[in-house]
Structures are given as C-alpha cells and as structure tokens.
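Everything below concerns the one structure shown next.
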Amino acid sequence: MKKLNLKHTSWINFIILFFIIILFRPIIAVDETRYLSVAWEMYLSKNYLLPLTLNFELYHHKPPLIFWLINLSWNIFGISRFSSTFPFLITSFFLLISTKRLAQEILNEKYTNQNIIYYLLGSLCFLIYGFLILFDITLTLFIICSLIYLVKYSKSQKYRYSLKCGFFLGLALLTKGPVAFLHILPLMFLINFWTIKKISIKKWTLFCFISISISLLIFLVWLVPVLLNSTSDFKENLVFSQLIDRIYSEEGKTNLNIHSKPFWFYFVSFPALLLPWIFSISFFKKLILVKKKLYIKKYRILFIWIISVIFLHTLIEGKQFHYILPILPAVIILFSKEISEINYNILVVNIFFVVLIILHIALYKFNIFDKYNLVPLANYIKKNEKKPIGYIGKYSGEITYLGKLKKKIDEVEKKKVELWFKNNPNGLLLFNFNKKKDEDITIVKNYKLLFEIKYKSRDIGVFSKQNYNL
15 MKKLNLKHTS WINFIILFFI IILFRPIIAV DETRYLSVAW EMYLSKNYLL
65 PLTLNFELYH HKPPLIFWLI NLSWNIFGIS RFSSTFPFLI TSFFLLISTK
115 RLAQEILNEK YTNQNIIYYL LGSLCFLIYG FLILFDITLT LFIICSLIYL
165 VKYSKSQKYR YSLKCGFFLG LALLTKGPVA FLHILPLMFL INFWTIKKIS
215 IKKWTLFCFI SISISLLIFL VWLVPVLLNS TSDFKENLVF SQLIDRIYSE
265 EGKTNLNIHS KPFWFYFVSF PALLLPWIFS ISFFKKLILV KKKLYIKKYR
315 ILFIWIISVI FLHTLIEGKQ FHYILPILPA VIILFSKEIS EINYNILVVN
365 IFFVVLIILH IALYKFNIFD KYNLVPLANY IKKNEKKPIG YIGKYSGEIT
415 YLGKLKKKID EVEKKKVELW FKNNPNGLLL FNFNKKKDED ITIVKNYKLL
465 FEIKYKSRDI GVFSKQNYNL
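Heads up: the sequence shown begins at 15 in my numbering, then just goes up one per residue.
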C-alpha cells in the first residue's frame, strides 16, 4: 500500500514540477526562444505546409511537427507559457507509457515492467529534457512507438504492424528528419542477432520495405509542398546541406551551428543517462553483471540499439548530449533489474522531484533566473517595433516570440554599425556585449545606451544614434 501511495505521489510531483517550471523558469535562449519564434511566425502566417521561417526568412533546419503541435496548443488554449510547454508535457507522459509497453514486449517481466515508468520518471535526463522546448523527447516517443510494432512483428509476422511501425517512423521523420533512421535501421539490418522467433529474410525485407515506404510517404506530404514553394538555394540547404554538413563540415564553410566535439564525447557522457541511479552503491555493484545479459537474446535488441546509436553518432561531426537522448528508454529497460534492487527506489524518485521543485523555487527567489530572462528586453522592443530594429551579430529569434514581434530584425555586422545607423537614423540596435572587452565597447561607444539587461555573464543593450524620446 505504501508503494502504491508513493507511485501516486510521483505523478503528483511530476505535475507540480511542470507548473513550477512554467511559473518560475524563463524561456531559455537560444534554443527554446528560437523554436518558439519559428512557431510564432507559423502562427502569424497560418501556412502550415509552406517553408518554415525564422526572423521572417526561410528556415531549413528542422521539420514542422513540433511547430504544428505548439500551434495546435496555442489555438486551443491561447498563446501563453503554459500552452507553449503543454505539448511537451503530453509527449513526456506518453513516452512513459510507451516505454512500459516496449519493455513488456522485450522482457515480459511483470513486476519490473510496472516500475519502469517510475525509473524513467526519476531519470535526471528525462526530468530536464521533458519540459524543455526541444525536439528530443518527442522524437524519442515516436521512435519507441515504431519499435513496439517492430518487435511485435518479429513475434507474429502480422503485416498490420508494418503499417503502424511506418506511421510512427514517419512522425519521427517529421519531428527531426532522417536522424530517426539511425535508431531503426541497425535493428532492421541485424534482426537475426536479436529476434527470439525465427523469421524468413523475405518476410522481414517486406516488413522493412513497407515500414520505410510509409514513413517516407508521410514525410513527403510535408516535404513536396515545401520544395514546390521554395527557392533553389533553400531546396539545396534543406535536402543536402543539412544532412552532409552535419555529418562532415570544414570549418568556415557552413552556415550551420555544427556543435563539433571530439569523437569520444558520447562515450564519456553516456553514464549521465543513468543519473541518479548510478550513485547507488547497490546499483553500482550490480553493473558488473550486466555483461551476462549479452548472452540472453531478449536483451540483445537493447545492446544493439544503444551501441549502434552511440557509434553512428560518434561518426557524425555535430555532437550534443541530447542527440542520444532517444536511447534513454533502452538504457532504463536494460538496467531495470539493477534499479529495482535499489532500496526505496520509488521513494528516491519522489525525493528527486522535491529537490528539483525546491531548486527551481530557490533559483527564482534569489533572482538567478533573471540572468536568463529576455522578456523585459522583448517588451521594450515591442513598444518601439515601428522603428527600424537591428541586432549586432547573428540573430536567432531570441525575442521575436517573447515580444510577439511582427517584423524582421536586421542582422548587422560589427564593422557596419555606422552604416546601419546612417541608413536608419531613428533605429534601435541591440548588442550582446561584454563590458570588460575593449573591442565590444569600441563598437558602441559613440551611441546612446537606452536600455540594458544582464544576460548570463554579459549585457544586452539597446542603442540609438541619438537620445530620442521613446
């Protein structure tokens, strides 16, 4: 009875943490603000099958599904911090349920399967990324759903599962593009290494063909109208540069933010997927026994999935920790028996929730979040939106959504500040600068500082050529 109560408490704490985050944590630049700005411009245009835009220019970096979900939430609940984050609460919830279903298909261990939801719920990575306005939790959900039907087909050879697998794989493609295939294709190619029930190559090939074809058809429903309504440069960037530049790029020869990191990055960051469980002594003692699972066929799909994803992502030049987040459910399922032997493991989940709730309140109370809050700057710009607005350096939509702006912000090179003010004498120029850096001070020393906020370890100022009454 106590365990049941603790499980109910976990769900209550999950919801409390969600509301604490939307009440106290600001929308973080540059990723969250950028994606909400793309969604905002879609909301303004009402064009859901046309090319995406950022700063009212064509944006080829991501497919549209996340932006569709945000717009759906806005149309139902109105535009707010709550409605912007609500789709990610829903996808996080269904990810928990889907992870349990996948575990049931792979392990068939009733007690462990019942608790896998709570082991994932208590994962630090899940709690951090589950409420961020990013693509990875949603991508993980659709990958898990497609794998459920892949495993089901391997047991039954019923072709209806190929339709369902393809459908969810198609949604994964609409979420983050071809990277979704990195999670599915290795398991398709290595079927004989992990399947428990024998299956003919002919039947398996047909299953893979149907699933992949359906996924591509779903993706093309969006891609074809976009290509028909875009420029040749945009088509090249969307179809080729995005894929090739992220796999390999020479420094200075791409406009993408590649996030280059050394080849060993994922090997040293992988243990973070096991936080906080890895800190348990009893869990740590059991880790040595995990290698025995290699000889148990039902676990091999998890090993192949985890190892292939890490290996393939290691070959890609662009590396971020959250790129391997979709293997988090696989890690939790693989280590579920070891986690289950941690004393009071469900209690640990609830303690972890309480710590995170208190931490968010403390960061708000002591004004730490203020250094990440761009809303005052966005509100100031909104009041002066009729004036020409510029940004020194690369602008990534930091305030377009926050200020509900309806016009483009000019990107101004440092050496062309004087020329921009000459062409826009009553304009306002934003600059993210370091007061201790002489080069930054030199750029704006001849202009009037009208508004300023602290941002992280720097300052963002609004400058004008003259001191107009604003």
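Here a beta-carbon is modelled for each residue, glycine too, at the ideal position from N, C-alpha and C.
Computed from a predicted model, the values in this text were never measured in an experiment.
In the structure shown, Ser478 adopts extended strand secondary structure according to DSSP, grouped into three states. Looking only at Gln334, His22 and Leu252, the smallest Cα-Cα distance to Ser283 is reached by Gln334. Using a Cβ distance threshold of 8 Å, Asn27 and Val362 do not count as a contacting pair. Among the bridge pairs identified by DSSP, Tyr386 is matched with none. The beta carbon of Thr113 sits closer than 8 Å to the beta carbons of Ile130, Ile131, Leu134, Ile158, Pro343, Ile346 and Ile347 from its chain, once the five residues preceding and following it are set aside; these are given in chain order.
For Lys114, the enclosing alpha helix (DSSP H) has its first and last residue at Arg95 to Ile120. Its chain contains Ile360, Leu361 and Asn364 as the residues whose beta carbon lies nearer than 7 Å to that of Leu20, once the 5 sequence neighbours on both sides are disregarded; these appear in chain order. Annotated three-state conformation of Phe445 is strand, per DSSP.
If the five residues before and after Phe207 are omitted, its C-beta is found closer than 8 Å to the C-beta atoms of Arg314 and Ile318, all from its own chain and listed in chain order. In this structure, the CA atom of His74 is about 7 Å from the CA atom of Leu66.
Leaving aside the five residues that flank Gly417 on each side, the residues in its chain whose CB is nearer than 6 Å to its CB run, in chain order, Ala392, Ile395 and Lys396. In this structure, the straight-line span from the alpha carbon of Ile321 to that of Lys351 is close to 20 Å.
Pro290 and Ile353 have their C-alpha atoms some 10 Å from each other. Here Phe435 has Lys479 as same chain residues with Cβ atoms under 6 Å from its own Cβ, once five neighbours each way along the sequence are excluded.
In this chain, Lys300 is not harboured by any beta strand (DSSP E); it is covered by the alpha helix (DSSP H) spanning Ile295 to Lys300. Closest by C-alpha distance to Phe181, out of Ile210, Ile324, Ser296 and Phe156, is Phe156.
In the three-state reduction of the DSSP assignment, Ile406 falls in the strand class. DSSP places Tyr57 in the uninterrupted alpha helix (DSSP H) bounded by Asp45 to Ser59. One thing to note: Glu355 has its Cβ no nearer than 8 Å to the Cβ of Ser410. Secondary structure note for Leu463: its beta strand (DSSP E) is the uninterrupted segment Lys462 to Tyr469. For Gly191, the three-state secondary structure derived from DSSP is helix. Between Gly407 and Asn446, the C-beta gap is smaller than 8 Å, which places the two residues in contact.
Residue range Asp424 to Val426 is occupied by the beta strand (DSSP E) that includes Glu425.
Going by beta carbons, His336 and Tyr49 fall outside the 8 Å limit.
Note on Tyr358: under 16 other CB atoms within 10 angstroms of its CB, so exposed under the neighbour-count rule. Checking the DSSP bridge columns, you'll see Asp473 partnered with Phe447 and Lys468. As a beta-bridge residue in DSSP terms, Leu72 pairs with Thr67. Here the C-alpha atom of Ser225 lies approximately 16 Å from the C-alpha atom of Gly191. A check of alpha carbon separations from Cys139 across Asn251, Pro285, Thr209 and Gln171 identifies Pro285 as the nearest.
Taking the CA atoms as reference points, Leu83 sits about 32 Å from Leu329.
Between the stretch 203-219 and the stretch 161-177, the count of C-beta pairs closer than 8 Å reaches three or more; the two stretches touch.
Assigned with DSSP and collapsed to three states, Gly180 falls in helix. Apart from sequence neighbours up to five positions away, the residues of its chain that approach Leu109 with a beta-carbon distance below 7 Å are Ile151, Thr154, Leu155 and Ile158, ordered along the chain. Here Gly441 is buried. Its C-beta has 16 or more other C-beta atoms within 10 Å. In this structure, Leu196 and Leu287 do not form a Cβ contact; the two beta carbons are roughly 17 Å apart against a cut-off of 8 Å.
Taking 8 Å as the cut-off, the Cβ atoms of Lys450 and Asp473 do not count as close.
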